[in-house]
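Novice: Just so you know, the sequence shown maps onto residues -26 to -1, 1 to 561 in mature numbering (1 follows the signal peptide of the UniProt record, and there is no 0).
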Amino acid sequence: MRLKSIVKSFALAGLLSSTALTPLFAQEAPKGATASTRQANNALYNQLPFSDNTDFTNAHKGFIADLPAEVIKGEQGNVIWNPQQYAFIKEGEKSPDTVNPSLWRQSQLINISGLFEVTDGVYQIRNLDLSNMTIIEGKEGITVVDPLVSAETAKAGMDLYFKNRGNKPVVAIIYTHSHVDHYGGVHGVVDEADVKSGKVKVYAPAGFMEAAVAENIMAGNVMSRRASYMYGNLLKPDASGQVGAGLGTTTSAGTVTLIAPTNIIDKDGQKEVIDGLTYDFMLAPGSEAPSEMLWFIEEKKLIEAAEDVTHTLHNIYSLRGAKIREPLPWSKYINEAIVRWGDKAEIIMAQHHWPTWGNENVVGLLKSQRDLYRYINDQTLRMANEGLTRDEIAANFKLPDSLAKTWANRGYYGSISHDVKATYVLYLGWFDGNPATLDELPPEEAAKKFVEYMGGADAILQKAKADFDQGNYRWVAQVVSKVVFADPNNQNARNLEADALEQLGYQAESGPWRNFYLTGAQELRNGVVKGPTPNTASPDTVRAMTPEMFFDFLAVHINGEKAGNARAVFNIDLGSDGGKYKLELEN
């Protein structure tokens, strides 16, 4: 029995989930921005340097061609990607009242889409998915870096490149790191047979396969559900709904694929000549991903920053759910890039956003992002050592203006709040040291007692409505959530919490925060949207598991309470390639 046969049913389920996602819209229309929200958003125009248009200049630089206007659809007619869905975000227009002006600016930049020349022989396709796809022309053909989320969007990107640059053979693929938006579309770029024959090489950092499988399979179900909130997949793209995710617009909904690497970069400083160009690789494990690498192309004087240096404060913790990342090593990797390449780099690009040109600007961006992550690490620990708890640190944490007023450091994807909380948990865990929080009641049980102690639901809602009218939306959402947990059928409570979440979404600078708030508001008003969600456990990812990984995958699907008294032994023969295994089920 082969492993492929064992996983067939799992793979089919993954295929259906990953190809069927289309936006499902709520019946009740969203509400407008309140006076408090308009005031909060308008205040930002006097706090941030909106007159600085450098990013817009860089985002337009090297433009060659627009994205194709046609909607990309799957075999069943499902929408995979609509290049026109964010046409309402127009460059130069003032932010609507329902969108944070800083996030609106970021969304305007992200929507500068198409095929771009970064430098001679280096091209990027932007906004055809959450991530960028980079194409590097070499001696014999092209090297493709990070082929997007879906095979369908990646193929459309390749077609756009070939139309404008002519057909050239793909000789290499490079995965910068182990997140699905950086490898999922690989079948849209190359045929796996060409990889197996040696015609095409696939490069990846050490630990790539293990990290890709572990993150996307073991917790794939819950992660996929939360990702639909984070990326706003269930929201309508408009000024009262989804305007982007800060890192990109949103994820495509096509076929997620994976081809295993043929060439592993496992040494820091490892140099490889790929299609006539010299790549100086730097491993950065545990930064933005468990397996990640940056590199410098000597002939191009170009730093590929993967996802470690972008035009946003990134996630130290991802709201979709993931292992916490470490800001201290992250900052040190960026510093190492400065030491190794800072005196000769003329361009830095990443697999999201737009490049930066000129040595002084390149080094300036590197230093600013280095200091951003180091500051979060050091000051979180300083405040913790002074006795502040996780939430107190997040509430009192302030970046210096030198960092906070730099556009690339704004919290469009990560946020100071949840990154600081994650850093606290990284070092100290979830417990805040207060014995009263050591063994709290679960949410529903606690909510019923809160409502009882506070005089009942009607009394709470009356006070909460007064707070809502004063613009205290955080508190309203927090306290009314207790009423909803105590009685999910209390529609008055659901509606008031939805109203509060909606205003918080309109004020949010972080794209994922906005998407979480607005999706939550939609669900409270209209119920759970029953539909497919983004699926990280794609068939190719499942098939890529080693036997040991697959057995671990099976283990997390066993109901321990039902199987607690079971005693069983399984002898599994995976053939000459897979080996023989004895599995014991007990306790």
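Don't be surprised by glycine CBs; every beta carbon is placed ideally from N, CA and C.
Please read these numbers as outputs of a predicted model, since none were measured by experiment.
Is there contact between the segment 486 to 503 and the segment 163 to 176, where contact requires at least three CB pairs shorter than 8 Å?
Specialist: Output reads no: the segment 163 to 176 does not touch the segment 486 to 503.
Novice: Report the start-end ranges of each alpha helix (DSSP H) in the segment 404 to 477 that is 4 residues or longer and not cut off at the edges.
Specialist: 417 to 427, 431 to 443, 447 to 460, all fully within the segment 404 to 477.
Novice: Using 10 angstroms around the beta-carbon of Tyr386, count the other beta-carbons present and answer buried if the total reaches 16, otherwise exposed.
Specialist: Reading the sequence shown from its first residue, position 412 is the one you call residue 386. Burial call: buried.
Novice: Looking at Ser214: is its Cβ nearer than 8 Å to the Cβ of Pro4?
Specialist: Looking up residue 214 in the sequence shown gives position 240. Looking up residue 4 in the sequence shown gives position 30. Yes; because the gap between Cβ atoms is below 8 Å, this pair is in contact.
Novice: Please state whether the Cβ-Cβ distance between Ile321 and Lys275 is less than 8 Å.
Specialist: Within the sequence shown, numbered from 1, the residue matching residue 321 stands at position 347. Within the sequence shown, numbered from 1, the residue matching residue 275 stands at position 301. Taking 8 Å as the Cβ cut-off, Ile321 and Lys275 qualify as a contacting pair.
Novice: When we look at the beta-carbon of Phe490 and count the other beta-carbons within 10 Å, is it buried (16 or more) or exposed?
Specialist: The residue you call residue 490 lines up with position 516 of the sequence shown. Under this definition Phe490 is a buried residue.
Novice: At 4 residues or longer, what runs of the alpha helix (DSSP H) sit wholly inside the segment 358 to 413?
Specialist: Counting whole runs of 4 or more residues, the segment 358 to 413 contains the alpha helix (DSSP H) stretches 364 to 370, 375 to 378, 390 to 402.
Novice: With a threshold of 8 Å, are at least 3 pairs of Cβ atoms found where one atom belongs to the segment 74 to 85 and the other to the segment 15 to 22?
Specialist: The segment 74 to 85 vs the segment 15 to 22: in contact.
Novice: Tell me the DSSP secondary structure of Asp547 in three-state form.
Specialist: Start at 1 with the first residue of the sequence shown, and residue 547 comes out as number 573. Here Asp547 sits in strand by DSSP.
Novice: What residue from Phe527, Arg364, Val160, Leu83 has the CA that sits closest to Phe405's CA?
Specialist: For the purposes of this step, residue 405 is taken as the residue at position 431 of the sequence shown. Of Phe527, Arg364, Val160, Leu83, the residue nearest in Cα terms is Arg364.
Novice: Threshold first: 3 residues or longer. Then list the beta strand (DSSP E) segments lying entirely within the segment 79 to 120, N to C.
Specialist: Within the segment 79 to 120, the complete beta strand (DSSP E) runs of at least 3 residues are 88 to 93, 96 to 100, 107 to 111, 116 to 119.
Novice: Starting from the Cα of Thr31, find the closest Cα among Ile38, Leu83, Gly51, Ser10 and give me that residue.
Specialist: Here the question's residue 31 lines up with position 57 in the sequence shown. Among Ile38, Leu83, Gly51, Ser10, the Cα nearest to that of Thr31 belongs to Leu83.
Novice: By DSSP's criteria, Glu246 is part of a beta bridge. Which residues make up the other side?
Specialist: The residue given as residue 246 occupies position 272 in the sequence shown. DSSP lists Tyr253 as partners of Glu246.
Novice: Between which two residues does the alpha helix (DSSP H) carrying Pro179 extend?
Specialist: Start at 1 with the first residue of the sequence shown, and residue 179 comes out as number 205. That residue, Pro179, is in no alpha helix (DSSP H); its beta strand (DSSP E) goes 175 to 179.
Novice: If contacts are defined as beta-carbon pairs under 8 Å, then Phe37 and Gly88 qualify, I think. What distance do you get, rounded to the angstrom?
Specialist: Here residue 37 is taken as the residue at index 63 of the sequence shown, counted from 1. Here residue 88 is taken as the residue at index 114 of the sequence shown, counted from 1. Indeed they touch by this definition, with Cβ atoms about 6 Å apart.
Novice: What number of angstroms, rounded off, separates the C-alpha of Phe442 from the C-alpha of Phe424?
Specialist: By one-based count along the sequence shown, residue 442 stands at place 468. By one-based count along the sequence shown, residue 424 stands at place 450. Between Phe442 and Phe424, the C-alpha separation is close to 19 Å.
Novice: Taking one C-beta from the segment 249 to 263 and one from the segment 533 to 546 each time, how about it: are there three or more such pairs within less than 8 Å?
Specialist: The segment 249 to 263 is not in contact with the segment 533 to 546.
Novice: Give the secondary structure of Leu268 by DSSP, where H, G and I count as helix, E and B as strand, and everything else as coil.
Specialist: Position 294 of the sequence shown, counting from 1, holds the residue named residue 268. It is a strand residue.
Novice: Near Ile417, what residues of its chain come up, given a Cβ to Cβ distance below 8 Å and the 5 sequence neighbours on each side ignored?
Specialist: Position 443 of the sequence shown, counted from the start, is the residue given in the question as residue 417. The sequence shown places Pro at residue 417, not Ile. Result list for Pro417: Phe459, in chain order.
Novice: Are the CB atoms of Thr286 and Arg384 nearer to each other than 8 Å?
Specialist: One-based indexing of the sequence shown puts residue 286 at position 312. One-based indexing of the sequence shown puts residue 384 at position 410. Cβ distance < 8 Å, so Thr286 and Arg384 count as in contact.
Novice: Could you tell me which of Val196, Ser226, Glu310 sits nearest to Gly243, measuring between CA atoms?
Specialist: Counted from its first residue, the sequence shown places residue 243 at position 269. Closest option to Gly243, Cα to Cα, is Glu310.
Novice: So the alpha helix (DSSP H) Phe37 belongs to, where does it begin and stop?
Specialist: Residue numbering aside, residue 37 sits at position 63 when the sequence shown is read from its first letter. Here Phe37 belongs to no alpha helix (DSSP H); instead the beta strand (DSSP E) covers 37 to 39.
Novice: Taking 8 Å as the threshold, find out whether the segment 141 to 148 comes into contact with the segment 56 to 68 through three or more Cβ pairs.
Specialist: No, they do not touch.
Novice: Verify whether the separation of the beta carbon atoms of Ile277 and Ala319 is less than 8 Å.
Specialist: Position 303 of the sequence shown, counting from 1, holds the residue named residue 277. Position 345 of the sequence shown, counting from 1, holds the residue named residue 319. Cβ atoms of Ile277 and Ala319: closer than 8 Å.
Novice: For Trp487, list the residues DSSP reports as bridge partners.
Specialist: Residue mapping note: residue 487 aligns to position 513 of the sequence shown, counting from 1. Partner(s): none; Trp487 has no beta bridge.
Novice: Assuming Gly159 and Thr127 make a contact with CB atoms under 8 Å, what is their CB distance in whole Å?
Specialist: Sequence index remark: in the sequence shown, residue 159 carries index 185 (1-based). Sequence index remark: in the sequence shown, residue 127 carries index 153 (1-based). Indeed they touch by this definition, with Cβ atoms about 6 Å apart.
Novice: By the DSSP assignment, the beta strand (DSSP E) with Val144 in it spans what residues?
Specialist: Counting from one through the sequence shown, the residue named residue 144 turns up at place 170. Where Val144 is concerned, the enclosing beta strand (DSSP E) stretches over 144 to 148.
Novice: Glu522 by DSSP, collapsed to three states: which one?
Specialist: Within the sequence shown, numbered from 1, the residue matching residue 522 stands at position 548. Here Glu522 sits in helix by DSSP.
Novice: Taking 7 Å as the cut-off, does the CB of Arg294 come closer than this to any heavy atom belonging to the ligand MG?
Specialist: Of the ligands one can find in the structure shown there are none, so the ligand MG has no counterpart to examine.
Novice: Would Asp94 pass as an interface residue toward chain C - the criterion being a Cβ-Cβ separation below 8 Å?
Specialist: As a matter of chain content, chain C is missing from the structure shown, which is built from one protein chain.
Novice: Which residues does DSSP list as the beta-bridge partners of Thr330?
Specialist: Position 356 of the sequence shown, counting from 1, holds the residue named residue 330. DSSP lists Ile322 as partners of Thr330.
Novice: So Asn533 is in the beta strand (DSSP E); what residue range does that whole segment cover?
Specialist: Taking the first residue of the sequence shown as 1, we reach residue 533 at position 559. Asn533 -> no beta strand (DSSP E), and no H or E assigned at all.
Novice: DSSP three-state call for His151: helix, strand or coil?
Specialist: Taking the first residue of the sequence shown as 1, we reach residue 151 at position 177. Strand at His151.
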